[in-house]
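What follows is a short report on a single structure.
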Amino acid sequence: MAGKWTALFWIAMAELFALSLWFSASVTGPELRELWLLTERTEAWLSASVPVGFIIGTLLSVSFGIADRFNARKVFALSALAGAFINGLLTVADSAAIGIALRILTGVALAGVYPTAVKLLSQWFPSKRGLALGILIAALTLGSSLPHFISIFFSAVDWKLVIIVSSLLALVSGAIMNWVVKDASVAQQKMVFSFKLIKQVLQNKPVMLANYGYFGHMWELYAMWTWLPVFLAASFASSSSDISPAIIAFASFVSIGVAGAIGCVLGGLVADKLGRSRLAILSLVISAGCSVIIGFTFGQAVWLTLTVAIVWGMFVISDSAQFSAAVTEFAEAPYLGTALTFQMCIGFLITIFSINLIPVMQEIIGWKWVFALLSIGPVLGVISMAKFRTYEMKSEDK
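Residues in the sequence shown are numbered from 0 upward in steps of one, following the working numbering.
Structure, rendered in structure tokens:
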């Protein structure tokens, strides 16, 4: 019993450190904007390029069965090592084209980290893994926001230090996975992806309803994570001229990372007790409300904007793990791997559009209204998960 919780702790720590690579370049956006002569559009693509690489890497990984053919811990460790090296090259990149290419490759490397960690976790927790998944996603959330925390100490000295520290953390992540985490004694069924099996995924109504909920969730999530720090900087500057960059970075870390991590753990606990659909609907409703409300706090008191941001940060991610868990409960074994890969790839593909939409629409409608566009996803997600609830109830009655 203690062994699996120890494994969870170290897997989560490795995930936390490795995911610091995801937004390492976005945090240094102002410096890179000047160095690489970025426009708002190319800066958006700098953030969206990681999901592009992640999709490519995930499809390659599952198509060739890399995590099944090779030891999953080794795949994670090598991927973290590759990601650290590629991320480090940003410090010598001299153009936006090279920088975006490196970010795409970083996303490819991270495709060997996040899905592999989920696989390892499922080996240690073959059942009742709601809380465990919540803790893992909490680590992902905290890790994704970690560059904001790092920048508090190093961005004023040299932006390259933020990149270097995140790369070093990824190296530590690989070391933890290679030498500290142990293999589970329970073998896990191979997760195979096949385009031929997608038709069966599409015909499975509860699986697709869970997917639609996830797609709505992803429309909001990464666009919020990408642009909330920019919004906070603009809002705080509008309300007070003496807010330091360190305060903005700390506010971003607390709103996205700390609040999000708490939301993930609580979400896992609630989902195990009340059901995945109920937790998802609650999270989607509150996050949709926050996406609409936060624009009205622009330029208002810092505490008011930050309060809404923290609540949003908690609920925008608290349901994330449950969509995949829902698929594992309703997809049949022969196409489970295809179903999970399909969900993840389409979900991250959607983030590319929403991330790029925000800066374009912000110029047209301003910060007061632009985040309200993200509420479209959660609203559609609520409708899907309400329908999914009927299948969940039937399953509970059996």
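Even for Gly, the Cβ is constructed at its ideal location relative to N, Cα and C.
A Cβ-Cβ distance of about 12 Å is found for the pair Ala79 and Met12, leaving them out of contact under the 8 Å criterion. With three or more CB-CB distances shorter than 8 Å, the region 259-271 counts as touching the region 119-136. Between Thr27 and Trp158 the beta-carbon gap is near 4 Å, inside 8 Å, which marks them as a contact. When the five nearest sequence neighbours on each side are left out, the beta carbons in the same chain lying within less than 7 Å of the beta carbon of Ala258 are those of Ile309, Gly312, Met313, in order along the chain.
Residue environment for Gly365: exposed (fewer than 16 other C-beta atoms within 10 angstroms of its C-beta). When the five nearest sequence neighbours on each side are left out, the beta carbons in the same chain lying within less than 6 Å of the beta carbon of Pro358 are those of Glu39, Ala43, in order along the chain.
Annotation: Ala6 to Gly215 spans about 32 Å, alpha carbon to alpha carbon.
Rounded to the nearest angstrom, the gap between the Cα atoms of Asn70 and Val269 is 33 Å. Where Trp302 is concerned, the enclosing alpha helix (DSSP H) starts and stops at 301-314. Burial of Phe347 is indicated by the presence of at least 16 other C-beta atoms within 10 angstroms of its C-beta. Taking C-beta separations shorter than 8 Å and ignoring five residues to either side along the sequence, the partners of Ile85 in its chain run Leu101, Leu104, Thr105, Ala108, following chain order. Restricting attention to Leu77, Ala24, Gly56, the CA atom closest to the CA of Ser46 is found in Ala24. Taking a cut-off of 8 Å for Cβ pairs, the region 225-232 and the region 388-396 do not touch, as fewer than three such pairs fall below it. Selection Ala320, Leu379, Leu141 evaluated against Ser165 yields Leu141 as nearest (Cα-Cα). For Asp271, the uninterrupted alpha helix (DSSP H) segment begins and ends at 258-273. Between the C-alpha atoms of Ala300 and Ser193 there is a straight-line separation of about 52 Å. In this structure, the straight-line span from the alpha carbon of Ser353 to that of Leu36 is close to 23 Å. With a beta-carbon spacing of about 5 Å, Phe297 and Ser234 fall inside the 8 Å limit used to define contacts. For Tyr213, the enclosing alpha helix (DSSP H) has its first and last residue at 204-238. For Ala169, the enclosing alpha helix (DSSP H) begins and ends at 158-174.
Contact check for Gly56 against Ala110 passes: the beta carbons are separated by less than 8 Å. Taking C-beta atoms as the reference points, Ser282 and Gly267 fail to come closer than 8 Å.
Remark: C-beta atoms of Leu220 and Ile316 approach each other more closely than 8 Å. Using a 10 angstroms sphere on the CB of Gln342, the tally of other CB atoms reaches 16 or more, which defines it as buried.
When the five nearest sequence neighbours on each side are left out, no beta carbon in the same chain lies closer than 6 Å to the beta carbon of Asp182. By the CB criterion at 8 Å, Ala248 and Ile242 fall outside the cutoff.
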